[in-house]
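J.: Residue numbers (the numbering used here): 55 to 243. I am attaching a structure below and will ask some questions about it afterwards.
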């Protein structure tokens, strides 16, 4: 076995150990960050051509690499079409994203409304970070971000979640209309 290679099954086993050992989300994220980065740097051990495929309507492709039967510890590869992305959204769980190939611009937001009106949401931009090969973005539960591939080619990133995002009741947000709605993505296996 090549000591420099780090497979998805190895990543999953390590993430499961971290989640069993720690309850604090910040501690989990701090331990998962280097694991996700190591897996991203070992892309030759798990990336397949099909993972660069993306749903044209969605603007990105979501490829399931691992999911526990109870939907915890989900690992996904996301391919972002050129000049496309995802609107502001939360995850309903913690997330660690490692850049594999190409840049992805993340913009971060906080809710500034009082949440008293169902379906209404006001967001304020609080920062941004471009995540490329060798970079990691850590997102605690509740943090809202958008993702955009500003390049002319498909970008790819590795996503590790505390729970599969289609099972968390997460939301997407429309900045102009100031609305909140459910966010479910199409996932390829």
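No residue lacks a Cβ here, since even glycine has one placed at the ideal position from N, Cα and C.
State yes or no: is the C-beta of residue 225 within less than 7 Å of the C-beta of residue 136?
T.: Locating residue 225 in the chain shown gives position 171, counting from the first residue. Locating residue 136 in the chain shown gives position 82, counting from the first residue. The answer is no: Cβ separation not under 7 Å.
J.: So what does residue 134 bridge to, in DSSP terms?
T.: Here residue 134 corresponds to residue number 80 of the chain shown, with the count starting at 1. For residue 134, which the question treats as bridged, DSSP gives the partners 114 and 209.
J.: Measuring CB atoms only, is the stretch 162-178 touching the stretch 106-114, in the sense that at least three cross pairs come out at less than 8 Å?
T.: The answer is no - the stretch 106-114 does not touch the stretch 162-178, with fewer than three Cβ pairs under 8 Å.
J.: Using 10 angstroms around the beta-carbon of residue 153, count the other beta-carbons present and answer buried if the total reaches 16, otherwise exposed.
T.: As a first step, residue 153 must be located in the chain shown, where it is residue number 99. Buried, by the Cβ-count rule.
J.: Can you tell me the Cα-Cα spacing of residue 80 and residue 109, whole angstroms?
T.: In the chain shown, counting from the first residue as 1, residue 80 sits at position 26. In the chain shown, counting from the first residue as 1, residue 109 sits at position 55. Cα-Cα distance, rounded: 33 Å.
J.: Distance, Cα to Cα, residue 106 vs residue 157?
T.: Counting from one through the chain shown, the residue named residue 106 turns up at place 52. Counting from one through the chain shown, the residue named residue 157 turns up at place 103. Spanning the two alpha carbons is a distance of roughly 14 Å.
J.: Please classify residue 89 as buried or exposed, where buried requires at least 16 other C-beta atoms within 10 Å of its C-beta.
T.: Here the question's residue 89 lines up with position 35 in the chain shown. It counts as buried.
J.: Where does residue 125 fall in DSSP's three states?
T.: Counted from its first residue, the chain shown places residue 125 at position 71. Reduced to three states, the DSSP call for residue 125 is coil.
J.: Using C-beta distances below 7 Å, list every residue in its chain close to residue 221, excluding the 5 sequence neighbours before and after it, in chain order.
T.: The residue given as residue 221 occupies position 167 in the chain shown. These residues qualify, in order along the chain: 125.
J.: Considering only C-alpha positions, which residue in the set 95, 239 and 186 is nearest to residue 58?
T.: Residue mapping note: residue 58 aligns to position 4 of the chain shown, counting from 1. Selected option, being the one with the closest Cα: 95.
J.: Evaluate residue 183 with the Cβ neighbour count: other Cβ atoms within 10 Å of its Cβ, from every protein chain shown; 16 or more gives buried, anything less gives exposed.
T.: Sequence index remark: in the chain shown, residue 183 carries index 129 (1-based). With fewer than 16 other Cβ atoms inside 10 Å of its own Cβ, residue 183 counts as exposed.
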